[in-house]
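All remarks here apply to the structure that follows.
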Ligand SMILES: Cc1ncc(COP(=O)(O)O)c(C=O)c1O
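In my numbering, the protein residues as written are 65 to 482.
Here it is as structure tokens:
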């Protein structure tokens, strides 16, 4: 049976990954402690040429622990961009700090002019999100931060290996974090890595990391099941009489498959029950994915290039009106390729008929749908550009597992339907 062209159903899991998942599923001795933790840390030390690396179960927990290590005062203000995932402000609130939202520019990142208006005496941190792996205006933001004595955290959850002016994202700031979540550019079902060269922060994070446990075997087992079930059951049956989709809903309802953002997180709360280290097994899976980093990132870059060569896509991405410096930001291994259309909802319905499942990150100003905006301190109307863009956004897949003919199909789909 044919697999759908899908942006989010285990986008970068290949046969070798699945073989590894199957091999490891009942290998409980490798689950928690083991030497893959150290190996993964060493991978980051080598790749980013940094001194210190820490691992946590998710990117959101990594952010929470970074914020805790900064010893800030309750209600100190942390600037983040709108057009993000709710788990980011939730980590800030869980650390007893206050999220302050900045509007976005045309590259879906922090709007530097708007940022200047949001800084107060209480601003202690700016979180720079490189949305989809498109670099933010990092140099300008750094200048502003330096002037105001503000710490910068880079949120590199969306990919590993994007560069700005030939320098890796994640190496511009005091501290940065990455994600190995299931829909990210490199997936180990879950995982959050922190890198820094700051000795003081590293000392505190070392203590925090040491105080944290691994998730239970049953939790690890469940997370491993997710890609296996997707690979063998849900993906092949996805479009066949809707069986795959139905199966997905049932398995989520009976809690065999987990949600990326839990019900509690959708209501605006941080999941304190999920404070864990990244177990040895997830580190093993992450390393298998990272062994393919050049192949994956080159493939993503090639796909982006193909999209940019198409007039219709170029027009819809508005890139033809961009300054050269902004266009260059797209020459990266993007996690998803963003387009703006008049009515993204309509296209979402059409894409289902076309058996091509595009993405909708972020179709809410703070995603996902149904997040309690009041709880996460977002004031409606405060970031108008982000609100407008969230109604128009559609993402084309850039998964490294996409075949050439599938990319052609996507381009044709955009030409006909948008
Ligand atoms: C921009 C951004 N930052 C951070 C995170 C958190 O990463 P994780 O899913 O590993 O907690 C996400 C995840 O959804 C994200 O989209």
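Quick reminder that beta carbons are idealized off the backbone N, C-alpha and C, glycines included.
When you compare only the Cα positions, how much space is there between residue i and residue j?
i           : j           : result
residue 172 : residue 90  : 42 Å
residue 284 : residue 95  : 7 Å
residue 292 : residue 317 : 18 Å
residue 182 : residue 219 : 19 Å
residue 348 : residue 480 : 43 Å
residue 434 : residue 305 : 28 Å
residue 174 : residue 322 : 31 Å
residue 100 : residue 345 : 7 Å
residue 161 : residue 254 : 25 Å
residue 327 : residue 443 : 22 Å
residue 334 : residue 151 : 7 Å
residue 251 : residue 465 : 13 Å
residue 107 : residue 351 : 8 Å
residue 319 : residue 372 : 41 Å
residue 358 : residue 139 : 42 Å
residue 143 : residue 209 : 11 Å
residue 128 : residue 338 : 12 Å
residue 191 : residue 213 : 14 Å
residue 385 : residue 374 : 15 Å
Within the 7 Å Cβ cut-off, does residue i reach chain B?
i           : result
residue 456 : Judged by its chain identifiers, the structure shown contains no chain B, having just a single protein chain.
Checking the sheet assignment: what are the DSSP bridge partners for residue i?
i           : result
residue 189 : 142, 215
residue 411 : Its beta-bridge partners do not exist; DSSP assigns none.
residue 423 : 459
residue 117 : 259
residue 400 : 461
residue 163 : 142
residue 70  : 421
Using C-beta distances below 7 Å, list every residue in its chain close to residue i, excluding the 5 sequence neighbours before and after it, in chain order.
i           : result
residue 303 : 68, 419
residue 307 : 301
residue 231 : none
residue 471 : 367, 370
residue 233 : 194, 199, 218, 220, 226, 227
Spatial neighbours of residue i within its chain, please: C-beta separation below 8 Å, excluding the five flanking residues on both sides.
i           : result
residue 393 : 171, 198, 199, 228
residue 368 : 394, 395, 396, 397, 398, 401, 462
residue 411 : 405, 422, 458, 481, 482
residue 362 : 397
residue 441 : 153, 157, 162, 163, 164, 165
Starting from residue i, follow the alpha helix (DSSP H) in both directions and report where the run begins and ends.
i           : result
residue 449 : 448 to 456
residue 286 : 281 to 293
residue 176 : 176 to 182
residue 368 : 357 to 373
residue 405 : Per DSSP, residue 405 belongs to no alpha helix (DSSP H) and is neither H nor E.
residue 390 : 388 to 392
residue 305 : Segment: none, residue 305 is in no alpha helix (DSSP H) and carries neither H nor E.
Return the first residue and the last residue of the beta strand (DSSP E) that residue i is part of.
i           : result
residue 240 : 239 to 243
residue 429 : No beta strand (DSSP E) holds residue 429; DSSP gives it neither H nor E.
Cutting at 6 Å between CB atoms, please list the residues of its own chain near residue i, excluding the five before and the five after it.
i           : result
residue 424 : none
residue 118 : 258, 269, 273
residue 450 : 146, 147, 167, 168, 429
residue 77  : 291
residue 312 : 298
residue 126 : 120, 241, 256, 258
residue 403 : 380, 381, 458
residue 105 : 117
residue 431 : 149
Could you tell me if the beta carbon of residue i falls within a distance shorter than 6 Å of some heavy atom in ligand 3?
i           : result
residue 171 : Questions concerning ligand 3 fall outside what the structure shown contains, since the ligands it does hold are ligand 1.
At least three beta-carbon pairs within less than 8 Å, the stretch 163 to 170 to the stretch 146 to 153: yes
Contact between the stretch 373 to 380 and the stretch 157 to 164 (3+ Cβ pairs under 8 Å): no
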